[in-house]
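Asker:
There are 2 protein chains.
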Amino acid sequence: MAKENVSKSKGGTATPDAVLGLLSMAPMSGYEMRRVIAQSIGHFWSESFGQIYPALKRLTAEGCVEKKTERQKGRPDRNVYSLTAKGRERLQEWLEVPAVPEVPRNELLLKLFFGSRASVSASKENVEAFVARQKVALKVYAGIAKELKRERAGDPQLPFWLMTVSYGQHYGGALVKWGLETLKELDGLERVSATKRAKR
Amino acid sequence: MAKENVSKSKGGTATPDAVLGLLSMAPMSGYEMRRVIAQSIGHFWSESFGQIYPALKRLTAEGCVEKKTERQKGRPDRNVYSLTAKGRERLQEWLEVPAVPEVPRNELLLKLFFGSRASVSASKENVEAFVARQKVALKVYAGIAKELKRERAGDPQLPFWLMTVSYGQHYGGALVKWGLETLKELDGLERVSATKRAKR
DNA sequence: GGGTGCATGTAATGGGTTACATGATTCT
DNA sequence: AGAATCATGTAACCCATTACATGCACCC
Chain D
8 MAKENVSKSK GGTATPDAVL GLLSMAPMSG YEMRRVIAQS IGHFWSESFG
58 QIYPALKRLT AEGCVEKKTE RQKGRPDRNV YSLTAKGRER LQEWLEVPAV
108 PEVPRNELLL KLFFGSRASV SASKENVEAF VARQKVALKV YAGIAKELKR
158 ERAGDPQLPF WLMTVSYGQH YGGALVKWGL ETLKELDGLE RVSATKRAKR
Chain C
8 MAKENVSKSK GGTATPDAVL GLLSMAPMSG YEMRRVIAQS IGHFWSESFG
58 QIYPALKRLT AEGCVEKKTE RQKGRPDRNV YSLTAKGRER LQEWLEVPAV
108 PEVPRNELLL KLFFGSRASV SASKENVEAF VARQKVALKV YAGIAKELKR
158 ERAGDPQLPF WLMTVSYGQH YGGALVKWGL ETLKELDGLE RVSATKRAKR
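Protein chains in written order, with the numbering used here: chain D, 8 to 207; chain C, 8 to 207.
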C-alpha cells in the first residue's frame with residue numbers, strides 16, 4: 008500500500024498526564040480520583056479504574072509519583088499518591104506541547120446526514136433530544152461558574168477553570184441555536200412531503 | 008464493587024450503519040468508500056480499511072449488502088457492494104433511534120484546566136493554534152455549502168447535508184469567539200504575573 | 001440479609017488505527 | 001528507478017470500558 012503517512016505521531020494517550028494534573032491539585036488515591044474527575048474535568052474528560060490504577064503503577068515505577076499507604080480503621084487501606092519533582096516537571100512539559108485534536112465521531116450528524124433515508128420525524132426527534140441535552144448542560148455550566156466564583160475566589164487556578172466552563176457555554180449556546188434553526192428547517196421539509204402526499 | 012450500572016447499553020458501534028448509509032448513496036467498493044468518506048462525512052466521521060473491509064464481509068453474511076466482482080483491465084478486480092432490501096431496512100431502523108452522545112475527550116480543555124501549572128504563554132499557544140484551525144475549518148465549511156447548493160440543487164439529500172455543514176459553522180464560529188475572548192483573558196493574566204515579578 | 005460505600009486491583013472484551021503482504025500499472 | 005494510484009484483505013497492537021474478585025463496615 009502507498010504511504011498514507013503524514014506522520015500522525017500519536018505518541019500515546021494523555022491518561023498519565025491527566026493523572027499528574029489531578030495530583031497537582033492535591034494528593035489522592037486512585038479511588039478518589041474518579042470522584043474528583045466527576046466534579047471537575049468530567050464534562051470533557053473521563054477515566055475509568057481500569058486506566059487509573061495501571062497509570063498510577065507505571066508513574067510510580069517511573070518516579071513521577073510517590074505512594075504512601077494510609078491505614079484506616081474500619082475501612083480498607085488507601086494508597087495516597089502525590090507528585091514528585093519529576094512528575095511536576097513532566098506535567099509541565101506536557102502542558103507546553105499544544106494539543107492536536109482528532110476528528111471526533113459524531114453520531115447525531117451521521118444520522119442527520121442520511122436523514123433522507125428515514126422519516127423526517129426521526130431526524131426531528133434526534134435533534135430535539137440533542138437540544139434538550141444542551142439546554143440542561145448550559146444550566147449546569149451556569150451553576151458551576153457561579154459556584155466557582157463564589158467558593159474559589161482568589162485561587163490562581165480559577166481563571167483557567169472558568170475558561171473551560173466558558174468553552175462549554177459558547178459551545179452549548181451555539182448548538183442550541185443550531186438545533187432550533189434545524190428543527191424549523193425540518194418542519195419545512197415535513198410540510199413539503201405532506202403536501203406532496205396529499206396531491207397524489 | 009457496587010453497581011455503577013445505569014445500563015449503558017452501548018449495543019456496539021455505528022460502523023456498519025455508516026457503511027450502509029454510504030451504500031445508500033451509491034454502490035461502491037471498500038476502497039472507494041474511504042475516498043467518499045473524506046469528501047462527505049469526513050468532518051465528523053472516520054473509518055479505516057481495517058474497519059471497512061470486515062464490516063462489508065459481515066454485512067454480506069447477514070444479507071444486508073450484495074457483492075459483485077468487477078473485472079478490470081490493468082487494475083485489480085473491485086468488489087462493488089450494494090444495498091439489499093434488508094440493508095435498507097436496517098439503515099432505516101438505525102436512523103429511527105436517537106443518538107446518545109458520549110463525553111468526548113478534549114485535550115485542549117484538559118491542558119487549559121491545568122494551565123496554572125505551566126507558563127501562561129503555553130496556554131496561549133494552545134488556544135491560538137486552536138483558533139487558527141477553527142478559522143480554517145470555517146472557510147472550508149463555507150466553500151462546501153456554496154458548492155453543494157450549486158451542484159446538488161434539487162437533490163432531496165441536500166437539506167440534510169446542509170444541516171451538518173451548518174452545525175460545523177455554528178460550532179466553529181462559537182469556538183473562534185471563545186478563543187479570542189480566552190486569549191484576551193490570558194493576556195491579562197500574563198500582564199498580572201509580569202507586574203508581580205517586577206515588584207519583587 | 002441485602003444493598004451501598006470504601007478501596008484496590010486484574011482480566012476479558014471490544015473497537016479502532018497502523019502496519020504488513022501482494023501485485024499490476026502509470027506517472028515523474 | 002522510484003513513487004503513486006488502484007485494490008483487497010489480515011494481523012498486530014493500543015487504548016478504553018466493563019466485568020470480575022475480594023472484603024470490611026454501616027444502615028435499613
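From the three backbone atoms N, C-alpha and C, an ideal C-beta is built for every residue, glycine too. The structure displayed is predicted, hence computed values, not measured ones.
Output, in sequence order along the chain, the residues in the stretch 20-44 of chain C whose CB is closer than 9 Å to any CB in chain D.
Answerer: THR20, ALA21, ASP24, ALA25, LEU27, GLY28, LEU29, SER31, MET32
Asker: From the DSSP output, read off the bridge partner residues of D/GLU73.
Answerer: D/SER89
Asker: Comparing alpha-carbon positions, which option in C/ILE59, C/SER126, C/VAL72, C/GLU54 lies nearest D/ARG109?
Answerer: Sequence check: residue 109 of chain D is Glu here, not Arg. The shortest Cα separation from D/GLU109 among C/ILE59, C/SER126, C/VAL72, C/GLU54 belongs to C/GLU54.
Asker: Using alpha carbons as the reference points, say which of C/VAL104, C/ALA149, C/CYS71, C/GLU100 lies closest to C/LYS93.
Answerer: When only C-alpha atoms are compared, the closest one is C/CYS71.
Asker: Give the interface partners of D/ILE48 over in chain C, defined as CB-CB distance under 7 Å, in chain order.
Answerer: LEU117, PHE120
Asker: Is any beta-carbon of chain D found at less than 8 Å from that of C/TYR178?
Answerer: yes
Asker: Taking only beta carbons into account, state which residues of the stretch 51-76 of chain D come closer than 9 Å to chain C, listed in chain order.
Answerer: PHE51, TRP52, SER53, PHE56
Asker: Under 8 Å, do C/GLN141 and C/VAL107 count as touching if we go by C-beta distance?
Answerer: no
Asker: When the Cα of C/MET170 is compared with those of C/LEU116, C/GLU158, C/ILE151, C/ARG41, which residue comes out closest?
Answerer: The candidate whose alpha carbon is nearest that of C/MET170 is C/ILE151.
Asker: Taking a Cβ distance cut-off of 7 Å, strictly less, list which residues of the stretch 189-201 of chain D are near chain C, in chain order.
Answerer: THR189, GLU192, LEU196
Asker: From this set, D/ARG82, D/VAL87, D/GLU77, which residue's C-alpha is nearest D/VAL26's C-alpha?
Answerer: Of D/ARG82, D/VAL87, D/GLU77, the smallest CA-CA separation from D/VAL26 is found for D/VAL87.
Asker: What number of angstroms, rounded off, separates the C-alpha of C/THR22 from the C-alpha of C/SER123?
Answerer: 40 Å
Asker: Buried or exposed: where does C/VAL143 fall if 16 or more other Cβ atoms within 10 Å of its Cβ makes it buried?
Answerer: exposed
Asker: For the alpha helix (DSSP H) holding D/SER42, just list the boundary residues, first then last.
Answerer: As written in the sequence, residue 42 of chain D is Arg, which differs from the Ser given in the question. Here the alpha helix (DSSP H) through D/ARG42 covers 37-46.
Asker: Go ahead and pull the three-state DSSP assignment for D/SER204.
Answerer: Checking the displayed sequence, the identity of residue 204 of chain D turns out to be Arg instead of Ser. In the structure shown, D/ARG204 sits in a helix (DSSP, three-state: H, G or I).
Asker: Apart from the five residues on each side of it in sequence, which residues of its chain come closer than 8 Å, Cβ to Cβ, to C/GLU69?
Answerer: LYS93
Asker: Tell me whether D/LYS118 is buried or exposed, calling it buried when 16 or more other Cβ atoms sit within 10 Å of its Cβ.
Answerer: Note on D/LYS118: 16 or more other CB atoms within 10 angstroms of its CB, so buried under the neighbour-count rule.
Asker: Would you say the stretch 127-140 of chain C touches the stretch 149-166 of chain C, given that touching needs at least three Cβ pairs under 8 Å?
Answerer: A contact is defined here as three or more CB-CB pairs under 8 Å, and the stretch 127-140 of chain C fails this definition with respect to the stretch 149-166 of chain C.
Asker: For D/TRP185, does the three-state DSSP call read helix, strand or coil?
Answerer: helix
Asker: Quick one, which of D/VAL43, D/SER36, D/SER47 has its alpha-carbon nearest D/PHE167's?
Answerer: D/SER47
Asker: For D/PHE121, name the three-state secondary structure that DSSP assigns.
Answerer: Here D/PHE121 sits in coil by DSSP.
Asker: Compare the C-beta of C/TYR174 against all C-beta atoms of chain D and say whether one is closer than 8 Å.
Answerer: yes
Asker: For C/SER123, would you say it is in contact with chain D, using Cβ-to-Cβ distances shorter than 8 Å as the test?
Answerer: yes
Asker: By alpha-carbon positions, which one of D/LEU187, D/LYS131, D/GLU96, D/LEU165 ends up nearest to C/GLU192?
Answerer: D/LEU165
Asker: Does any residue of chain C bring its CB to less than 8 Å from the CB of D/VAL110?
Answerer: Yes - at least one Cβ of chain C is within 8 Å of the one on D/VAL110.
Asker: Find the residues of chain C that neighbour D/LEU182, judging by a C-beta separation of less than 7 Å, and give them in chain order.
Answerer: HIS177, TYR178
Asker: DSSP three-state label for D/ASN133, please.
Answerer: helix
Asker: Using a beta-carbon distance below 8 Å, is D/ARG204 in contact with chain C?
Answerer: no
Asker: Just verifying my parser: in three-state terms, what is the DSSP assignment at C/SER128?
Answerer: helix
Asker: If we cut at 8 Å on Cβ distances, does D/LEU144 have a partner in chain C?
Answerer: Residue identity check: residue 144 of chain D is Ala in the sequence provided, not Leu. It does not; no Cβ of chain C falls within 8 Å.
Asker: Is the shortest distance between the beta-carbon of D/PRO166 and the beta-carbons of chain C less than 8 Å?
Answerer: yes
Asker: Can you give me the Cβ contacts of D/ASN12 inside the same chain, cut-off strictly under 7 Å, excluding the 5 residues immediately before and after it?
Answerer: Per-residue confidence for D/ASN12 stands at a pLDDT of 40, beneath the threshold of 50, marking its modelled position as unreliable; the derived number appears in the next sentence. Contacts found: none.
Asker: Taking buried to mean at least 16 other C-beta atoms within 10 Å of its own C-beta, is D/GLU114 buried or exposed?
Answerer: D/GLU114 is classed as buried because its beta carbon has at least 16 other beta carbons within 10 Å across all chains shown.
Asker: Nearest by alpha-carbon distance to C/GLY28: which of D/VAL138, D/PHE120, D/SER173 is it?
Answerer: D/PHE120
Asker: Taking only beta-carbon atoms, is C/GLN79 less than 8 Å away from chain D?
Answerer: C/GLN79 does not count as touching chain D.
Asker: Between the beta-carbon of D/LEU145 and the beta-carbon of D/GLY186, is there less than 8 Å?
Answerer: Against a cut-off of 8 Å, the Cβ pair of D/GLY186 and D/LEU145 comes out as no contact.
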